Amino acid sequence: MRTVLVTGGAGFIGANFILQARGAQWYNVVNLDKLTYASNLQNLTALENEPGYCFIRGDIGDPQLVSHLLQQYQPDAVINFAAESHVDRSILNPLTFALTNVTGTLQLLEACRAYWQKLPLHKQERFRFLQVSTDEVYGSLSITDSPFCEDNPYAPNSPYAASKAGADHFVRAYYHTYGLPTLITNCSNNYGPRQFPEKLIPLTILNAMEGQLLPIYGDGQNIRDWLYVSDHCEALHLVLQQGKVGETYCIGGQNEQTNLMVVEKICTILDELLPSKPNFSHSSLITFVKDRPGHDRRYAIDCTKMNRELGWKPTESFDTGLLKTVQWYINHPQWVEQIRTGAYQSWIEQNYTDRTVNYL
Ligand code: NAD
Ligand code: DAU
């Protein structure tokens, strides 16, 4: 595999994936990203003048642009990370989620189908469309339920989860109806460097560093299965290389934690790394707030299939992954400052009116 079109590559997981893919020379990358509030191209400055990487600002829902890029770069695969990804925002503005996550993915699939159908047979067989999806499509588990696996029926509860479920259904339909060689991954909560600080872990780290309150929804006993982002990226690479077309792969951290446990662990790390006043613990900032509407109680993933068929399992322990994550935010105050002040948004408006900044 030589060239991959990555969509949403300026976001959290996409940027980590591209850095890993270029670092290990997995493939050349064409990065298509709309540069929404959640993106940060500074994640990728190290690659700016590197051959084998290029960036295009644009929307997965722009069929002319996507068709043009497919013709120009002739990728062997497309990995679709592009999405509106935050559950709380989906509750406030579900239509935006339907537009990018459902319609955008459908437009992307349609452009890929047209491109793929014109490829010579040997290239058609090699082509892959990988949809990066979420465990949230499966709904909520009770404490006694078995973890989600590939056979679970879809039962999305939030507008975000519903929009990702809709996208997954279209991906599946393109395989069954047109034979497009698709793959779907459903992954649990990621954490690590470069995550936008609206999500629980970076929000907690940054608020605690600034002495602000640490909001915990409801009783703090909701459970998530946390996976370090580089383990997710490794899993995606394996699925792309060796996954069976038309199939789904569940990816998880084998690491269930209540939200309260996660926040307390972050506070303990910060108490050690950034001791402030005597007898002060960052955990004193914890504040229980009104619950998220429709808040799923528990997610957990059974990743037996990934292990059995592709030999994958998570490698980073939660303790070391969380420590590295906290250290990354402490060591990147400028990254945080730019997001918080809105300087990043004005910088991209000035610099990225021109779409392509670097060519393969
Ligand atoms: P993110 O919000 O950090 O990044 C999303 C990126 O997509 C941003 O760079 C944004 O600019 C881009 N984008 C949004 N709309 C676009 C459009 N219409 N066209 C082109 N680009 C667009 O998200 P993330 O956390 O990195 O998640 C990436 C993918 O992985 C998403 O599809 C998400 O559903 C999925 N996922 C995330 C997690 C998680 O824990 N974060 C877990 C499982 C699956
Ligand atoms: O499960 C995978 C999903 O994980 C991804 O598909 C989503 O894109 C990603 O955003 C994430 O969704 P969550 O809703 O689980 O992540 P979030 O960080 O928003 O919240 C994690 C848990 O923490 C959740 O139970 C809500 C709770 N929470 C969140 C915030 C932001 C709080 O208690 N307080 C907060 O301030």
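Each residue of the sequence shown is one higher than the one before, starting from 1 at the first, in the UniProt record's numbering. We put the CB at the ideal spot given by N, CA and C, even for glycine. On a predicted model such as this, the values are computed, not experimentally measured, just so you know.
- Distance from the CA atom of residue 64 to the CA atom of residue 291, rounded to whole angstroms, is 42 Å.
- DSSP places residue 245 outside any alpha helix (DSSP H), giving it a letter other than H or E.
- For the 8 Å CB-CB criterion, residue 255 and residue 226 form a contact.
- If you draw a straight line from the Cα of residue 242 to the Cα of residue 310, it comes to about 7 Å.
- Note: residue 7 is bridge-paired with 32, 80 in the DSSP secondary-structure output.
- DSSP places residue 224 within a strand segment (E or B) once states are collapsed to three.
- Residue 232 places its beta carbon 8 Å or farther from that of residue 279.
- Note that the segment 158–172 does not touch the segment 201–216; fewer than 3 beta-carbon pairs, one per stretch, sit closer than 8 Å.
- Counting of Cβ neighbours within 10 angstroms places residue 319 among the exposed residues, the total staying below 16.
- Counting the other Cβ atoms within 10 Å of the Cβ of residue 325 gives 16 or more, which makes it buried.
- Of the residues 8, 286, 252, the one whose Cα lies closest to the Cα of residue 207 is 286.
- For residue 279, the secondary structure class from DSSP, reduced to helix, strand or coil, is coil.
- Contact annotation: residue 265 and residue 322 have beta-carbon atoms nearer than 8 Å.
- For residue 244, the Cβ stays outside the 7 Å cut-off from all heavy atoms of the ligand NAD.
- Within the model, the alpha-carbon separation for residue 272 versus residue 281 is close to 10 Å.
- Between residue 329 and residue 180, the alpha-carbon positions lie close to 40 Å from each other.
- Inter-residue distance for residue 70 and residue 144 is about 46 Å (C-alpha atoms, whole angstroms).
- Relative to residue 75, the option among 127, 10, 7 whose CA is nearest is 127.
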